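Under our numbering, the first residue of the sequence shown carries the number 473, and numbering increases by one thereafter.
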Amino acid sequence: MLERFGALVDSVRRSSDGVGSCRLRPANGFAVARVVALALVAAGCSTASGAQPSRPVAAASPPKDDGKQAQGGTGGDSHSAALEQLKVAPITRKPDRQNAVHVPLPDAEHWTRVRFLTLKSLVGFRYGKDHHAIFAGFVTHVDDNSVQGACNKSFEQMAAPWVDAFEVELKHEPPVAFTWSAPQPPVPSGSAPPVKKISIVDVDPLRAKTATVLARESYEAAWAAYPAWGEKACLVLGVAIPARDDPQRARAVRDRFLQEVFPKVAVTSHEEPKERY
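Okay, here's the thing in structure tokens:
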């Protein structure tokens, strides 16, 4: 079901409205899995050493992110400490700019909004200037978003133009499913409220390994598609955590998103937000 995707972040900078920006160029760096294509595009130009067992490290938030140009980061204690912080930090909801979606993020104050200059997104965050993690959200459209799997398929089609740049080794894990409800539209005075619509949302966790002549990288990643607005609009959210030299912690962070973030995403607007960034 899932194919290949390649893209590389060329730069990240803060715009005048305080939102960071990610410029993409055609894939001539790391390829990443199409399933999280648009969530991983900001994972940066990081390099990784050989996988080692997780070592004891104190949890620590990354330094304050100034939102300026960033080329990703390397592994080492700073990456491990940031991942440890994502494992244990309290979760707080962080809204998109239009206050249409509230995303529960661990250590929310240290996630910086970013935008993808060649991809229109609803929301994007990076955890630290070294891209210890990336979270992204997009809107797709289908004929009927109540059809199981329709939103997922629409995301794959959206990512299709970015396919076939580099070979990516994917290891799929069993999907995780949960029940979720979109907000109910306002009910006119004197009218009975409609029956609450409950949907089944599937989350696809995976491990993506990429390789170029310059470096190798692996990611722990996951994405989910929600029938969020009306009958046609879908919300697609994805997270990507570069493993670098601490794959066990990266996986633990990914699993926390599976259990505590994706199921608790709250859509707060009754209508599809109009702006893309």
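Even glycine gets a Cβ: it sits at the ideal position worked out from N, Cα and C. No experiment lies behind these values; they were computed from the predicted model shown.
Own chain residues within Cβ distance below 8 Å of residue i, not counting five before or after
| i | result |
| --- | --- |
| Phe597 | Lys566, Val575, Leu577, Trp583, Thr584, Arg585, Val586, Ile606, Phe607, Ala608 |
| Val659 | Pro665, Pro666 |
| Asp616 | Ala622, Glu703, Lys704 |
| Ala649 | Ile672, Val673, Asp674, Val675 |
| Ala530 | Ala553, Glu556 |
| Glu743 | Trp701, Gly702 |
| Pro535 | Gly600, Lys601 |
| His551 | Gly545, Asp602, His604, Pro714, Arg716, Asp717, Asp718 |
First and last residue of the uninterrupted beta strand (DSSP E) at residue i
| i | result |
| --- | --- |
| Ala705 | 705-714 |
| His574 | 573-578 |
| Pro567 | 563-567 |
| Arg748 | It is not in any beta strand (DSSP E) - Arg748 carries neither H nor E in the DSSP assignment. |
| Ala649 | 648-652 |
| Thr584 | 583-588 |
Helix, strand or coil at residue i according to DSSP, with G and I counted as helix
| i | result |
| --- | --- |
| His604 | coil |
| Ser690 | strand |
| Val635 | Low per-residue confidence applies at Val635: pLDDT is 49, beneath 50, and the placement is therefore not dependable, though the value from the model is reported in the following sentence. Val635: coil per DSSP, three-state reduction. |
| Ser671 | strand |
| Asp549 | helix |
| Leu642 | strand |
| Pro735 | helix |
| His613 | strand |
| Tyr599 | strand |
| Lys536 | coil |
| His742 | coil |
| Leu558 | helix |
| Pro655 | coil |
Delimiting residues of the alpha helix (DSSP H) encompassing residue i
| i | result |
| --- | --- |
| Ala622 | 622-631 |
| Pro719 | 719-728 |
Exposed unless 16 or more other CB atoms sit within 10 angstroms - verdict on residue i
| i | result |
| --- | --- |
| Cys494 | Model confidence at Cys494 stands at a pLDDT of 42, short of 50, so the residue's coordinates are unreliable and nothing is read from them. |
| Gln557 | buried |
| His644 | exposed |
| Ser661 | exposed |
| Asn571 | exposed |
| Asp568 | buried |
| Val573 | buried |
| Asn692 | It is Glu, not Asn, that sits at residue 692 in the sequence shown. So Glu692 ends up on the buried side. |
| Asp537 | buried |
| Arg721 | buried |
Expected contact under 8 Å - CB spacing of residue i and residue j to nearest Å
| i | j | result |
| --- | --- | --- |
| Pro647 | Asp674 | 5 Å |
| His613 | Ser626 | 7 Å |
| Asp718 | Ser526 | 6 Å |
| Phe610 | Val708 | 5 Å |
Chain-order list of residues whose beta-carbon lies under 6 Å from that of residue i (same chain, five-residue window excluded)
| i | result |
| --- | --- |
| Ser671 | Trp652, Pro699 |
| Lys420 | The requested residue 420 is not part of the displayed model; the chain covers only 473 to 749. |
| Asn624 | Ala697 |
| Met630 | Thr612 |
| Ala580 | Thr564, Lys566 |
| Pro745 | Gln570, Ala572 |
Cutoff 7 Å; reference residue i; Cβ partners in own chain excluding five residues on either side
| i | result |
| --- | --- |
| Gln656 | Pro665, Pro666, Lys668 |
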